[in-house]
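Note sheet for the following structure.
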Amino acid sequence: MTHSSTPADGVTLRAADAELTVEPGHGCRLASLKVAGTELLRQGDKYGSFVMAPWCGRTDQGRFRSGGDLYQLPVSSGPHAIHGTVRHAAWRTVRADERSAAFTYDLTDPWPWEGRITQVVELAEDGGGVTLTLGVETLQDSFPAQAGWHPWFLRRLSDGGQDVRIDFTAEWQEERGEDHIPTGKRIEPRPGPWDDCFGMPDGVDVTLTWPEELELNVSSRAEWAVVYDEQPEAVCVEPQSGPPNGLNTHPRLVTLIDPLEVSTTWTWRKLA
Numbered sequence: 108m109t110h111s112s113t114p115a116d117g118v119t120l121r122a123a124d125a126e127l128t129v130e131p132g133h134g135c136r137l138a139s140l141k142v143a144g145t146e147l148l149r150q151g152d153k154y155g156s157f158v159m160a161p162w163c164g165r166t167d168q169g170r171f172r173s174g175g176d177l178y179q180l181p182v183s184s185g186p187h188a189i190h191g192t193v194r195h196a197a198w199r200t201v202r203a204d205e206r207s208a209a210f211t212y213d214l215t216d217p218w219p220w221e222g223r224i225t226q227v228v229e230l231a232e233d234g235g236g237v238t239l240t241l242g243v244e245t246l247q248d249s250f251p252a253q254a255g256w257h258p259w260f261l262r263r264l265s266d267g268g269q270d271v272r273i274d275f276t277a278e279w280q281e282e283r284g285e286d287h288i289p290t291g292k293r294i295e296p297r298p299g300p301w302d303d304c305f306g307m308p309d310g311v312d313v314t315l316t317w318p319e320e321l322e323l324n325v326s327s328r329a330e331w332a333v334v335y336d337e338q339p340e341a342v343c344v345e346p347q348s349g350p351p352n353g354l355n356t357h358p359r360l361v362t363l364i365d366p367l368e369v370s371t372t373w374t375w376r377k378l379a
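Counted the way the numbering used here counts, the sequence shown spans residues 108 to 379.
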C-alpha cells in the first residue's frame, strides 16, 4: 500500500524472521532491528540508528566555507557542530508496504540552503538484510553536503553472551586531534579502542560477530566509516560519504543535476 503517515507514527517492516521499526517523527531513525526476536540495536532516544545529514560527525567550530562565503552552524558538541540537522527532526512518510518505506525531510534553518533529504529502507525478501539509501537534493542553489548513518549495535545480544568482535581492513586511518577533528594526516590503521574514521577506497566492508549467535556485515560504496567502540553497551560502525569535518576538507557539491546519494547494506546470518 501507499500512504502518508503523521510524523509521530512508527513504521514497522517485516520479512521472514526480521522486524525493523522506523520512527519518522524522531529523526527517521531505525528504532529497532530484531532478527528471530533478538534486538540488535541499543534502545533509547539517542540510539537505534540515526541519519547524519547534511554533514557527518564534527564540523570544526561549526564553521565552513562554500565559495567565498563563511557559514556558521550551531555548535552542539563542545565547540563543534555534530551529526547534521535531521536526527531529531520530524520526517514525512511518503510510502510504506510490508518490506520497504520511503521518507523525506525538507532542510530548513539552521542549514543555509533549501533542500530535501530522502531515506529509503528496504528489507530483503528473505529477511537476511536491509538496504538503506539516502539522497540529498537542492531545491535551488548548490551546496556542499555529506550523508551517512550512525547505528548503535549492542555489544552483547543476550545475557551471558560474548562481546561483539569488529573486523575490517582499512587503507588508512584519519589522524584525530585532541579536539576530535581529523588533522588532515593519514596514518596506518591502529588497534582499538576507536573513535576514529577509516578510509576504505574500495568501499566500506566491516563485519560484526557475536560469537555463537550472529554475524552482521556492513557494506557500502562509500569510502569512509567511523568506528566507535569506547562505550560498554554498544559499538558503532558509521558508513558515510566523507570524513568528519568534510564540509571543510572534502566537500561534495550538491547541484540541481547532481544530487548526493549513498547506500549501505547490512546482511546477517545466525550462527546458532
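Cβ coordinates follow ideal geometry from the N, Cα and C atoms, glycine included. Here the structure is a predicted model, which is why all the values come from computation and not from measurement.
(message) Checking the sheet assignment: what are the DSSP bridge partners for Gln-347?
(response) As a first step, residue 347 must be located in the sequence shown, where it is residue number 240. Paired residues: Gly-255 and Trp-331.
(message) Taking 8 Å as the limit between beta carbons, can you name the residues of its chain near Pro-339, skipping five residues before and five after?
(response) Translated into the one-based positions of the sequence shown, residue 339 becomes position 232. The answer, listed in chain order, is Arg-262.
(request) State the start and end residues of the unbroken alpha helix (DSSP H) segment that holds Gly-353. (result) Within the sequence shown, numbered from 1, the residue matching residue 353 stands at position 246. That run of the alpha helix (DSSP H) goes 353 to 356.
(message) In whole angstroms, give me the CA-to-CA distance for Leu-230 and Gly-175.
(response) Along the sequence shown, one-based indexing puts residue 230 at 123. Along the sequence shown, one-based indexing puts residue 175 at 68. Distance from the CA of Leu-230 to the CA of Gly-175, rounded to the nearest whole angstrom, comes to 43 Å.
(request) Classify Ala-122 as buried or exposed, calling it buried when 16 or more other Cβ atoms lie within 10 Å of its own Cβ. (result) Taking the first residue of the sequence shown as 1, we reach residue 122 at position 15. Under this definition Ala-122 is a buried residue.
(message) Out of Ala-341, Thr-245, Ala-196 and Val-118, which one is the CA nearest neighbour of Leu-363?
(response) In the sequence shown, counting from the first residue as 1, residue 363 sits at position 256. Proximity to Leu-363 across Ala-341, Thr-245, Ala-196 and Val-118 peaks at Thr-245, based on C-alpha coordinates.
(message) Classify His-110: buried if its beta carbon has 16 or more other beta carbons within 10 angstroms, exposed otherwise.
(response) In the sequence shown, the residue the question calls residue 110 occupies position 3. Confidence at His-110 is low in this model, with a pLDDT of 38, below 50, so its placement is unreliable and no value can be given for it.
(request) Run the CB neighbour count on Pro-300, radius 10 Å, all protein chains shown included, and call it buried at 16 or more, exposed below. (result) Within the sequence shown, residue 300 is the residue found at index 193, counting from 1. Exposed, because fewer than 16 other Cβ atoms sit within 10 Å of the Cβ of Pro-300.
(request) Assign His-190 to one of three DSSP states: helix, strand, or coil. (result) Walking along the sequence shown from the start, residue 190 turns up at place 83. In the structure shown, His-190 falls within a coil segment according to DSSP collapsed to helix, strand and coil.
(request) Express the C-alpha separation of Trp-218 and Thr-192 in angstroms, rounding to a whole number. (result) Here residue 192 corresponds to residue number 85 of the sequence shown, with the count starting at 1. Here residue 218 corresponds to residue number 111 of the sequence shown, with the count starting at 1. Distance from the CA of Thr-192 to the CA of Trp-218, rounded to the nearest whole angstrom, comes to 7 Å.
(message) Can you check which of these residues, Phe-210, Pro-298, Gly-242 and Thr-128, is closest to Ser-156 by C-alpha distance?
(response) Walking along the sequence shown from the start, residue 156 turns up at place 49. Across the set Phe-210, Pro-298, Gly-242 and Thr-128, the C-alpha of Thr-128 shows the shortest separation from the C-alpha of Ser-156.
(request) Could you tell me which of Gln-179, Ser-183 and Val-228 sits nearest to Val-201, measuring between CA atoms? (result) Here the question's residue 201 lines up with position 94 in the sequence shown. The residue with the shortest Cα to Cα distance from Val-201 is Val-228.
(request) Check whether the stretch 249 to 268 touches the stretch 154 to 171, taking contact to mean three or more Cβ pairs, one atom from each stretch, closer than 8 Å. (result) Remark: three or more beta-carbon pairs, one from each stretch, lie closer than 8 Å, so the stretch 249 to 268 and the stretch 154 to 171 are flagged as touching.
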